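Numbering (the UniProt record's numbering), first residue to last: 1 to 491.
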């Protein structure tokens, strides 16, 4: 039996890194324009751990001090700190890192040919932070297909496209997809969408890139069609026009016939009227749409929220339905967007105007600087012209899981839990557990306290105000974005 002392070995090598003893390589990592961090390391260790470093050190000659100098301009100091400690110790901790940093770490690990770490980071993102990957799909998809070794993330992206294409095409991120990403998806033979629907999405994408185009098609001029055609010139060749149904040709293609070359539009018409007559246009093969019935993912949050993910929505729905185990899919609740700060304004008055007499609402808000997602559920009606406290045991407040917060916090109301409806004071609160005031974005007037109305605080103790008025300075926050949804059972 072989006894292994890996912990001692790891600690000894870590101490060697920190000691600077017998270092023969100096690695320069730029932190800012004029600020460079210098890492003194041992070539024998780095080149034994990474083919990248072996190749580089073979290319670089020693200077007069018998030191090789290597510059890494594409890697941040924060990321390289993690990598160099991993190289020496064989250890890495991802728990306190933002997902964006982990993704940067993945890219840097690939550049440095740290294959073991590349595989581990991909698995971590896919298994533990899939919602972040979906929210950043365009960036993730583009990077994964530029890097052959990102096979795990490639498979994740392919699975989304093949099984749940509406998660992309029906979401708000769709209009911001870069053209090369969109084209790579359109080229897929296994894209499981009807061709007429794909045409509609492409037209919508092109319009989003040209917001000055008239809303009504009746107002369009030839110049407008030329503008849209130029925007879509890379996408149009990948539509399978001859697999579009006759009804969709009439309703969807004909109104935009000026986007197509005359020969192509003529052949579409011929094929529609006399299917057996030869045509000269290129006929792409039909897409392979699987007959397997996949579990339905109803109304993913990506369709309507800038703040929360579909996992968040399922968790909130489970709280509303008083389920101890969160729903995994098939959300039983419909989330109808009523108000969004970036669209409708951040003044409390706006909330009361829009939500007057509306019950069963969820408010979610993203805290500026900390990236926390806080919120509350009000089963009662908001009232625009009536200041009073409402008592209900069915309300709750919460803080949702994010990259910086491992688990969500749910705080239900006691029997005397209150909703404070104060339009004249431009205030809105769930007891003292979550207090919103004034202009949520401009004014730093929101805060949380320990509350006798709700079971527990939803922020960490450092951000909880010990007194009501004036609340402590550290507890005050403004809002980067907020949204309010009407919640109703899905029929």
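Built from N, CA and C at the ideal position, the CB exists for glycine as well. If you're wondering where the values come from, they're calculated on a predicted model, not measured in any experiment.
The segment 478-490 makes contact with the segment 343-361; the number of CB pairs closer than 8 Å reaches 3 or more. About 18 Å separates the Cβ atoms of residue 417 and residue 383, ruling out a contact at the 8 Å cut-off.
In this structure, the CA atom of residue 446 is about 53 Å from the CA atom of residue 5. For the segment 49-135, the continuous beta strand (DSSP E) assignments of 3+ residues that do not extend past its boundaries occur at 68-71, in sequence order. Here the alpha carbon of residue 212 sits roughly 45 Å from the alpha carbon of residue 388. The three-state secondary structure of residue 179, taken from DSSP, is helix. Around the beta carbon of residue 262, fewer than 16 other beta carbons sit within 10 angstroms, so the residue counts as exposed. Contact between residue 460 and residue 433 is ruled out by a C-beta separation of about 14 Å, above the 8 Å threshold. Closest by C-alpha distance to residue 394, out of 483, 408, 319 and 324, is 319. For the beta strand (DSSP E) assignment, the uninterrupted runs of no fewer than 3 residues enclosed by the segment 333-402 are, from N- to C-terminal side, 333-340, 361-367, 373-378, 388-391 and 396-399. Three or more Cβ pairs closer than 8 Å define a contact, and the segment 265-282 falls short of that threshold against the segment 97-111.
Residue 66 sits exposed, since fewer than 16 C-beta atoms from the chains shown fall within 10 Å of its C-beta. Taking C-beta atoms as the reference points, residue 442 and residue 327 fail to come closer than 8 Å. The beta-carbon distance between residue 195 and residue 239, rounded to whole angstroms, is 7 Å. This is short enough to meet the 8 Å contact definition.
Bridge partners of residue 40 according to DSSP: 26. Taken through DSSP and simplified to helix, strand or coil, residue 427 comes out as strand. 186 is the residue among 186, 209, 148 and 190 whose C-alpha sits nearest the C-alpha of residue 198. Per DSSP, residue 141 is one residue of the alpha helix (DSSP H) stretching across 137-146.
A Cβ-Cβ distance of about 29 Å is found for the pair residue 323 and residue 479, leaving them out of contact under the 8 Å criterion. Scanning 82, 283 and 74 for the CA closest to the CA of residue 17 turns up 82. Exclusion of the five residues before and after residue 436 leaves 428 and 446 as the residues of its chain whose Cβ lies within less than 6 Å of its Cβ. Annotated three-state conformation of residue 436 is strand, per DSSP. Rounded to the nearest angstrom, the gap between the Cα atoms of residue 271 and residue 206 is 26 Å.
Non-local C-beta neighbours of residue 79 in its own chain, meaning closer than 8 Å and more than five positions away in sequence, comprise 101, 104, 105 and 108, ordered along the chain.
Distance from residue 380 to residue 419 at the Cβ level is roughly 6 Å; contact confirmed, criterion being Cβ atoms closer than 8 Å. Between residue 70 and residue 38 the beta-carbon gap is near 11 Å, outside 8 Å, which marks them as no contact. Residue pairing of residue 414 in beta bridges, as defined by DSSP: absent, with no partner found. When DSSP states are grouped into helix, strand and coil, residue 408 belongs to the coil group.
Closest by C-alpha distance to residue 235, out of 179, 214, 217 and 95, is 179.
With fewer than 16 other Cβ atoms inside 10 Å of its own Cβ, residue 250 counts as exposed. In this structure, the beta-carbon distance from residue 409 to residue 424 does not fall below 8 Å. As far as DSSP is concerned, residue 327 takes part in no beta bridge. Taking 8 Å as the cut-off, the beta carbon of residue 50 is found closer than this to the beta carbon of residue 114. The beta carbon of residue 142 lies closer than 6 Å to those of 181 in the same chain, with the five residues before and after it left out.
Taking the C-beta atoms as reference points, residue 138 is found nearer than 8 Å to residue 177. In the three-state scheme derived from DSSP, where H, G and I count as helix and E and B as strand, residue 255 is classed as helix.
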